[in-house]
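Engineer: Start counting at 1 in the sequence shown, then tack on 134, and there's your number in my numbering.
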Amino acid sequence: MYTNYFSIFETVDLMASYTAEVNAIHKKFNNAVKRAKTKKSLNQAYSAHKKAHERLLKKHLREETAMINKAKKKLD
135 MYTNYFSIFE TVDLMASYTA EVNAIHKKFN NAVKRAKTKK SLNQAYSAHK KAHERLLKKH
195 LREETAMINK AKKKLD
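(1) Specify the secondary structure class of Lys161 as computed by DSSP and reduced to three states.
(2) For the alpha helix (DSSP H) that Ala170 lies in, which residues bound it at each end?
(3) Across the segment 148-158 and the segment 186-198, are there enough close Cβ pairs to call them in contact, namely three or more that are closer than 8 Å?
(4) Using a 10 Å radius around the Cβ and a threshold of 16 neighbouring Cβ atoms, would you call Ala205 buried or exposed?
(5) Are the beta-carbon atoms belonging to Ala179 and Ala166 less than 8 Å from one another?
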């Protein structure tokens, strides 16, 4: 019973961290868009924003996969 209890909080912690990181990425992007003076700088801001999202999503999915694999091992 306790392992499930702690697993729930581990999941919540991962999601909170993910959400906080997404918010940070968006804050940086919004600031870059506000400062942009040219189309090129807007494109660069978007490109950096997109890459940051892709890196974060890859990391997040890797963490979730590890969590699922850990749960599967407990069931065996």
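Every residue gets a Cβ at the ideal spot worked out from N, C-alpha and C, and that includes glycine. In this text the structure is predicted, and so the values were computed from the model without any measurement.
Structural biologist: Put simply:
(1) Numbered from its first residue, the sequence shown carries residue 161 at position 27. Looking at Lys161 - three-state DSSP - the assignment turns out to be helix.
(2) Locating residue 170 in the sequence shown gives position 36, counting from the first residue. Counting along the chain, Ala170 falls outside any alpha helix (DSSP H), and DSSP gives it neither H nor E.
(3) yes
(4) Mapped onto the sequence shown, residue 205 falls at position 71. The residue in question, Ala205, is exposed, as its Cβ has fewer than 16 Cβ neighbours within 10 Å.
(5) For the purposes of this step, residue 179 is identified with residue 45 of the sequence shown, where counting begins at 1. For the purposes of this step, residue 166 is identified with residue 32 of the sequence shown, where counting begins at 1. It is a contact, given that the beta carbons lie within the stated cut-off.
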